[in-house]
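Participant:
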Amino acid sequence: MDHVVTAGHDVHAAAHHEEELGFWRKYVFSQDHKVIGIQYGVTALLFLFIGFSLMLMMRWQLAYPGQPLPSEGFILFPAAIGVITLLVGRFKPSLTTLVGVLFLGTAALVWYLVSDETLMPGGIMLPELYNSFGAMHGTIMVFLGVVPLAVGAFGNYIVPLQIGAPDMAFPKLNMASYWCYFAGGVIMLVSFFLPGGAANSGWTSYAPLSVTATVGQTYWLLGMVMLITSSLLGSVNFIVTIIQLRTNGLTFFRLPFFVWAQFVTSFLLLLAFPPLEAAGIMQLMDRLAGTSFFMPSGLVVSGQILDISGGGSPLLWQHLFWFLAHPEVYVLILPALGIVAEIIANNTRKPIWGYRALVYSVIFLGFMSFIVWAHHMFLTGMGTVISAFFQTTTMIISIPSVIILTALFLSLWGGSIRFNTPMLFALAFLPMFGIGGLTGLPLGLAPTNIHLHDTYYVIGHFHYVVAPGTIFALFAGIYYWFPKLTGRTMNETLGKIHFWGSFVCMNFIFMPMFIQGLAGVSRRLYDGGEQYAHAQGVLYLNEVMSVAAWVLAIFQVFFIINLFRSMKRGKETSDNPWSATTLEWATPTPPPHGNFTKIPEVYRSPYEYSVQGHSSDFTPQFEPEKA
Amino acid sequence: MSGTSVEEIKKHVRTYILVFVALMALTIVTVAVSYLHLSVGWAIAVALFIATIKGSLVAGFFMHLISEKKLIYATLILTFVFFIALMILPTSGYLDKVVK
Amino acid sequence: MIELLHRLGLSLDGSAHGPEIDSMLAIVHWLMLLLFVGWSAYFVYVLFKFRQKKNPTANYHGTKTRLSTYVEVGVAVVEVVLIVGYAVPLWSQRVDDFPPEEQSTVVRVVAEQFAWNTHYAGADGVFGKTDIKLVTGINPVGLDRSDPNAKDDIVTVNNLNLPVGKPVIIYLTSKDVIHSFALPLYRVKQDAIPGERIPIWFVPTKTTTQLKEEMAWYMSTDATLRGADLVVMQEYTNREGEVIAEKYQYLDSELLETLRAAGLRRIFVSQDQPTEISCAQLCGLGHFRMRGSLTIMTPEEYQAWLEEEASYLQTDDEG
Amino acid sequence: MQIPYTVSLRPDTGLFNAKLGVWLFLASEVMLFGALFSSYVFLRVAAPEWPHGYDLLNVPLALLNTIVLISSSVTMVMSWASLMMKDFVKYKRYMGLTILCGLIFLVVKAFEYGEKFAVGITPADSTFMAIYFTLTGLHGLHVVGGIIVNTYFWGPGSKMWKREPERFTNRVEVAGLYWHFVDLVWIFLFPVLYLL
Ligand code: HEA
Ligand code: HEA
Ligand code: CUA
Ligand SMILES: [Cu+2]
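Residue numbers (the working numbering), protein chains in the order written: chain A, -18 to 608; chain B, 245 to 344; chain C, 18 to 336; chain D, 4 to 199.
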């Protein structure tokens, strides 16, 4: 059967139940959670790519400060990928072709940025541009890349399938959530073309800097309001879906861990995002209506006394921002943990060790993540009592993480481990998250934070958790669930090249950051610290990291080719290629509109692999007990 | 709520009227109190106290919270905990700050 | 471990509380290393032992070990010790137990885009009035010279000088946006927040010169100069025995050339100004170049410097 | 497969989807306004002196609005009750009143704002004014949203009553929950901004 020519057609197949729906209702303003999931996925991957492209240029400036950027290279790279993708898609009207075009669009964006004489005279990146690239890299990666991919894409596509639901509880809301996200993304991209460029006050947008910044900041705020709204709609939908639409027999403790992760994540999104929305509105007021929420009295900016009422506080912004942003970082990691757990269970062919411990830990983690935020603010003049409180909560929150990782490690014991591409990424995730997490500890203790705060040690810390951590988990998820979307598997050889290449490069990028951090090199330095005596000893590392980053980019090409090539020419597979136990594999492939041919019944816990006396080495949740 | 008999609803309606009266009365009281110009501390205490009562009335009867499902309670309690954290922690950080 | 950390790039430190912070860093990194190495070893072993080829059928029950619980409890215990035993006391010492002002050097530091303005009370030890309305290019802190206390006040830009071996109290604030006042080699870092006046204190135990000596290293004469300025740390003579470079002489490419010409392969060099103020918080375009020079002097040098600055004030009044 | 529990109650939770949904949404709203109230506290504690709301704002108008909004809450719940009693005409009347009250509230608010702007008072004047305009403005937007929803259920949306009365009643209940929340927020706004 070749109904799976491209994801485009795949969607077509998925929607064949309602032929009456026209193209627009089917692919564009679709209310089918699977189509929306794919929309989220593609958009998010493209944003990851854009965020990455920005960073590739920044890394040039860091490695060779003040030297003209080899613009052609940075334009040609996305352009080449675009062309390759188009070739893979054979220019037929299909998702592949669309993405190819969008890659070319990225190239065009880069081209516009590097040829802007006001921000890049003679091809030399100015601090303005470096700062706005930095801010946008952070924003895009977090809010437009990883969260939409982990929650919007994986959550949307997989959760309803895994709980045996026909769709999300509120399909219209689901669509609205995607289009809010889309609008937010467009606003963010548009801001690159504004006078003064995009927002340039860091992804943290600390006031007063952000309040007095160029108009790009206003767009950043508007974009954030859209993105937050999107996440709110999404989270309401997820929680209701998981609580209300679980199929018969699927009790909470029979939920796949991935669903648990998404469940807790949704609560974080639901309750942590609104404060930033409020803060965003207040900063908009400060910028547009001249209020002084975040502006203290007596500001003198570049010799001019600001004429504002004053009486505000810069710390207020920080509190509201971090009240969101710390839970946010767990939003970045929990779905990743969920994916990893699924894949490890499946490829060790045995149940997850300590499933309940995992569940309780993740709930506890979610709860605690609301009361640790001020560990980002130790050096804002915090007193002993409060700092003691936040240090304690920060240390407490590391315990569930330890438990989760330990459980995953012990799950390997006694397994029969298959080293396929998804498993490789999932396994690599563990030590990488380990490094990232462990380096969180010295940051979490106020006295050691004094030396490390706002240095590259921090950058190293969180990139280990988000890049070789979350990004790897997401790659793993793509390789793992791809057959469910298309009925074909991705190419193993290309996959393994992609894995080993990325694995090595990631460590060469982020490990040196700890060294620079210990030396005291500040982050967000336009010249990578070249002017500072204390940085001299570790400056040479900048070049190492940059080269590694560029090589990493090359290795992503294998992934992109693999992804699109496999849609057409991948090896065809059955409905359950990995011999997995969870419900998503009970559907036809790709799942039709409404997902299940008949309402599934669940008989057992999610990871019943290698049950003694059972014929096969896996016992699906939906396989009836034989009397 | 669906599936409640007409009689019960009639009872409900009576309570709604009572609640309405109570709310009006309390509104008048707060305003009246504000004219006493109490010391800030007391003023805040009283005003918030009355507001809380009014709020609970609305939530309890108009929003049927007194007879709601456990799940809703759970959600709201969770929210309330974080709400309190949000209200208290930032400011307490301020008070604890070393002011020498 | 501290040695290891120094190998890993940890900068030298020259303040009384520095060693405490460093040893705490060491302990935490021990814990991290232990966990990481332990788990990694286990990890590799398991991946090898239970690979499908060698172990075709999985064991449903996996392991029954209690070990993990002990590990977790262990981690928890260490963390408690860290907080109660180190973090909280150390922090409270930083933010609560300030030394009495009369026994310390007291300085006001006012950050701005993109400079560090320092304000010394001068001979009378009393800070003169300041007012933002008076802020101008030549009066960065808005000092009101008409105020008697202000007469002898000393104001410098990007040039903080302090005596060694005596507590320093700095009142930190900012005129425009948030900056972060960081002295990496003295384990000092504090955000400078507009509208707030945040005190910090530390005791420098090493002078800039000492640190210069400590961090000196041998550099190949083939190296190209880049970044911050270097100085040669010993006298060099050519084959004829005449001095071509004095100690502490500024090493420019020219000198480097002559040294190479004199047949020297490696030369003993160090940073010209190893101690510095760096800005750790994104504060705009110039964030990366918001570097102030910090010089920790012997008390004598410091006195001398103060008097010199005071003398300039005199001449200003006459002129 | 159809999406279950859009009308009927899921046995183990005893809820239909939309009801859980709106409560979750309200939870997030609590955090939204919570953040603003928190900011109010934060700034007020830090401020050297803080004005009395009644010296700067028009308490009588606000009192009027309080009464209007509370009444609208009652009519709202009555409209739902009427549906429960299968009395569509009454429903129409009460819902109409609710919308009317909402509109009155906005008009009064408009006067209040106008009065301020007339004498040149803007959000930029002081932290107090900033927080006043932001909080009441955001609340005002919520009222507008509520009016739109209610008008829909009063007009076109009410056709559903014929086809699926059960479902329509649920919808009105959900809309009601939101509307009551808006009222509830005001109940706290009023004393905090005007009376303290
Ligand atoms: C996914 C994202 C993510 C995650 C999971 C974490 C997890 C943690 N983070 Fe991190 N953090 C960020 C993202 C994340 N962080 C970001 C983005 C920033 C910077 C924001 C900015 O300023 O721009 C930041 C900054 C940041 C700071 C502020 C630094 C500063 O600016 O001064 C602090 C301080 O306490 C901190 C602490 C922690 C702690 C204690 C954890 C703990 O949860 C970690 C717990 C995990 C463990 C303890 C690991 C346990 C594992 C093992 C024991 C097994 C080991 C085995 C092997 C290695 C094989 N983080
Ligand atoms: C989720 C968050 C996330 C992720 C994944 C990354 C990924 C990366 N980050 Fe980023 N980073 C941040 C969040 C993130 N970053 C934040 C919040 C900051 C702080 C900003 C600030 O200071 O305000 C920051 C800052 C930051 C800095 C410091 C800048 C400075 O302080 O001056 C650096 C420096 O090297 C850096 C580098 C990188 C690199 C090399 C990667 C690489 O790992 C990138 C790897 C990317 C990929 C592997 C993409 C793969 C995707 C594809 C191949 C797409 C395929 C597309 C289709 C199929 C359609 N990042
Ligand atoms: Cu000042 Cu960065
Ligand atoms: Cu954090």
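Even for Gly, the Cβ is constructed at its ideal location relative to N, Cα and C.
When you measure from the CB of residue 256 of chain C to every non-hydrogen atom of ligand 2, does any distance come out below 7 Å?
Facilitator: Numbered from its first residue, the third sequence carries residue 256 of chain C at position 239. Residue 256 of chain C: no, Cβ never under 7 Å from ligand 2.
Participant: Over the uninterrupted beta strand (DSSP E) stretch that includes residue 247 of chain C, give me the two end residues.
Facilitator: Start at 1 with the first residue of the third sequence, and residue 247 of chain C comes out as number 230. Residue 247 of chain C -> beta strand (DSSP E) spans 247 to 249.
Participant: So, is residue 165 of chain D buried or exposed, given that buried needs 16 or more other C-beta atoms within 10 angstroms?
Facilitator: For this step, residue 165 of chain D is matched to residue 162 along the fourth sequence. So residue 165 of chain D counts as exposed.
Participant: Helix, strand or coil for residue 508 of chain A? Go by DSSP, reduced to three states.
Facilitator: On the first sequence, position 527 is the one that residue 508 of chain A refers to. Three-state result, residue 508 of chain A: coil.
Participant: Write down the C-beta distance between residue 357 of chain A and residue 375 of chain A rounded to the nearest angstrom, noting that I regard them as a contact closer than 8 Å.
Facilitator: One-based indexing of the first sequence puts residue 357 of chain A at position 376. One-based indexing of the first sequence puts residue 375 of chain A at position 394. Rounded, the Cβ-Cβ distance is 10 Å, inconsistent with contact.
Participant: Just the Cα atoms here: how many angstroms apart are residue 7 of chain D and residue 564 of chain A?
Facilitator: For the purposes of this step, residue 7 of chain D is identified with residue 4 of the fourth sequence, where counting begins at 1. For the purposes of this step, residue 564 of chain A is identified with residue 583 of the first sequence, where counting begins at 1. Going by the C-alpha atoms only, they are around 18 Å apart.
Participant: Can you tell which of A:200, A:402, A:514, A:607 has its C-alpha closest to the C-alpha of residue 264 of chain A?
Facilitator: Translated into the one-based positions of the first sequence, residue 264 of chain A becomes position 283. When only C-alpha atoms are compared, the closest one is A:200.
Participant: As an exercise, report each continuous beta strand (DSSP E) stretch of at least 3 residues that is fully enclosed by the region 227 to 266 of chain C, in chain order.
Facilitator: Fully enclosed beta strand (DSSP E) runs of 3 or longer: 234 to 237, 247 to 249, 260 to 262.
Participant: CA-CA distance, residue 21 of chain D and residue 174 of chain D?
Facilitator: Taking the fourth sequence and counting its residues from 1, one reaches residue 21 of chain D at position 18. Taking the fourth sequence and counting its residues from 1, one reaches residue 174 of chain D at position 171. The straight-line gap from Cα to Cα measures roughly 8 Å.
Participant: What does DSSP give as the partner residue(s) for residue 176 of chain C in the beta ladder?
Facilitator: Numbered from its first residue, the third sequence carries residue 176 of chain C at position 159. Note: residue 176 of chain C sits in a beta bridge opposite C:310.
Participant: Run the CB neighbour count on residue 481 of chain A, radius 10 Å, all protein chains shown included, and call it buried at 16 or more, exposed below.
Facilitator: Taking the first sequence and counting its residues from 1, the one referred to as residue 481 of chain A is at position 500. Residue 481 of chain A comes out exposed.
Participant: Give the DSSP-derived three-state secondary structure of residue 185 of chain C in the structure shown.
Facilitator: As a working note, residue 185 of chain C is residue 168 in the third sequence. Of the three classes helix, strand and coil, the one that applies to residue 185 of chain C here is strand, per DSSP.
Participant: Going by DSSP, which residues form a beta bridge with residue 368 of chain C?
Facilitator: It is not possible to answer for residue 368 of chain C, since the shown part of chain C is limited to 18 through 336.
Participant: Using beta-carbon positions only, say whether residue 222 of chain C and residue 292 of chain C come within less than 8 Å of one another.
Facilitator: For the purposes of this step, residue 222 of chain C is taken as residue 205 along the third sequence, with counting starting at 1. For the purposes of this step, residue 292 of chain C is taken as residue 275 along the third sequence, with counting starting at 1. No, these two residues do not count as a Cβ contact at 8 Å.
Participant: Under 8 Å, with one C-beta from each stretch per pair, do the region 548 to 556 of chain A and the region 461 to 481 of chain A reach the 3-pair mark?
Facilitator: At 8 Å Cβ cutoff, the stretches touch.
Participant: If you measure from the CB of residue 418 of chain A, is any heavy atom of ligand 1 nearer than 7 Å?
Facilitator: Sequence index remark: in the first sequence, residue 418 of chain A carries index 437 (1-based). It does: the Cβ of residue 418 of chain A is within 7 Å (strictly closer) of some heavy atom of ligand 1.
Participant: Mind checking who residue 221 of chain C pairs with in its DSSP beta bridge?
Facilitator: In the third sequence, residue 221 of chain C corresponds to position 204, counting from 1. Bridge partners of residue 221 of chain C: C:32.
Participant: Of the residues that make up the region 302 to 317 of chain B, which ones have a beta carbon closer than 7 Å to any beta carbon in chain D?
Facilitator: Cβ contacts with chain D come from 302, 303, 306, 307, 313, 315, 316.
Participant: Where do the ends of the beta strand (DSSP E) carrying residue 136 of chain C lie?
Facilitator: Reading the third sequence from its first residue, position 119 is the one you call residue 136 of chain C. Its beta strand (DSSP E) spans residues 132 to 137.
Participant: Since residue 248 of chain A sits in a beta bridge, which residues does DSSP pair it with?
Facilitator: Position 267 of the first sequence, counted from the first residue, corresponds to residue 248 of chain A. Note: residue 248 of chain A sits in no beta bridge, so no partner.
Participant: Between the region 241 to 261 of chain C and the region 510 to 519 of chain A, do three or more beta carbon pairs fall short of 8 Å?
Facilitator: Yes, the region 241 to 261 of chain C touches the region 510 to 519 of chain A.
Participant: Enumerate in chain order the residues of its own chain whose CB-to-CB distance from residue 11 of chain D is below 6 Å, with the five nearest sequence positions on each side excluded.
Facilitator: In the fourth sequence, counting from the first residue as 1, residue 11 of chain D sits at position 8. Excluding sequence neighbours, residue 11 of chain D sits near nothing in its chain.
Participant: Quick one: grab the DSSP three-state call for residue 599 of chain A.
Facilitator: Reading the first sequence from its first residue, position 618 is the one you call residue 599 of chain A. Reduced to three states, the DSSP call for residue 599 of chain A is strand.
Participant: Flag this pair as yes or no: are the beta carbons of residue 450 of chain A and residue 417 of chain A separated by less than 8 Å?
Facilitator: If you number the first sequence from 1, residue 450 of chain A lands on position 469. If you number the first sequence from 1, residue 417 of chain A lands on position 436. For residue 450 of chain A and residue 417 of chain A, yes; Cβs fall inside 8 Å.
Participant: Is residue 246 of chain B close to chain A? Criterion is C-beta to C-beta, closer than 8 Å.
Facilitator: Against the second sequence, residue 246 of chain B aligns to sequence position 2. Low local confidence applies: a pLDDT of 47 at residue 246 of chain B is under 50, so the model's placement there is unreliable, and no value is given.
Participant: Once you ignore the five residues that flank residue 74 of chain D on each side, which residues in its own chain have a CB closer than 7 Å to its CB?
Facilitator: In the fourth sequence, residue 74 of chain D corresponds to position 71, counting from 1. Cβ within range, chain order: 104.
Participant: Kindly list the residues whose CB is nearer than 7 Å to the CB of residue 311 of chain C, restricted to its own chain and excluding five residues on each side of it in sequence; keep chain order.
Facilitator: Here residue 311 of chain C is taken as the residue at index 294 of the third sequence, counted from 1. So the qualifying residues of the chain are 177, 200, 292, 293, 294.
Participant: Would you kindly work out how many angstroms separate the C-alpha atoms of residue 134 of chain C and residue 440 of chain A, rounded to a whole number?
Facilitator: Along the third sequence, read from residue 1 onward, the residue named residue 134 of chain C stands at position 117. Along the first sequence, read from residue 1 onward, the residue named residue 440 of chain A stands at position 459. The straight-line gap from Cα to Cα measures roughly 29 Å.
Participant: Could you tell me the distance, in whole angstroms, from the CA atom of residue 20 of chain A to the CA atom of residue 502 of chain A?
Facilitator: As a position in the first sequence, residue 20 of chain A is number 39, starting the count at 1. As a position in the first sequence, residue 502 of chain A is number 521, starting the count at 1. Near 40 Å, if we compare the C-alpha coordinates of residue 502 of chain A and residue 20 of chain A.
Participant: Grouping DSSP H, G and I as helix and E and B as strand, with all else coil, what is residue 162 of chain C?
Facilitator: The residue labelled residue 162 of chain C in the question sits at position 145 within the third sequence. Correct three-state label for residue 162 of chain C: coil.
Participant: Measuring only the C-alpha atoms, how far is residue 57 of chain A from residue 95 of chain A?
Facilitator: Counting from 1 along the first sequence, the entry for residue 57 of chain A is found at position 76. Counting from 1 along the first sequence, the entry for residue 95 of chain A is found at position 114. Near 12 Å, if we compare the C-alpha coordinates of residue 95 of chain A and residue 57 of chain A.
Participant: Tell me whether residue 82 of chain A sits in a helix, a strand or coil according to DSSP, three-state version.
Facilitator: Looking up residue 82 of chain A in the first sequence gives position 101. The answer is helix: DSSP assigns residue 82 of chain A an H, G or I state.
Participant: Hey, is residue 569 of chain A's beta-carbon within less than 8 Å of any beta-carbon in chain D?
Facilitator: One-based indexing of the first sequence puts residue 569 of chain A at position 588. Not closer than 8 Å to any Cβ of chain D, the Cβ of residue 569 of chain A fails to qualify, so no.
Participant: Who are the near neighbours of residue 344 of chain B in its chain, counting only those whose CB is closer than 8 Å to its CB and skipping five residues on each side?
Facilitator: Your numbering for residue 344 of chain B matches position 100 in the second sequence. Model confidence at residue 344 of chain B stands at a pLDDT of 36, short of 50, so the residue's coordinates are unreliable; what they give is reported in the following sentence. Once the five neighbours on either side are set aside, residue 344 of chain B has no close Cβ partner at all.
Participant: By Cβ distance, which residues of its chain are closer than 8 Å to residue 310 of chain B, with the 5 residues on each side in sequence left out?
Facilitator: For the purposes of this step, residue 310 of chain B is taken as the residue at position 66 of the second sequence. Closer than 8 Å at Cβ, skipping near neighbours: 304.
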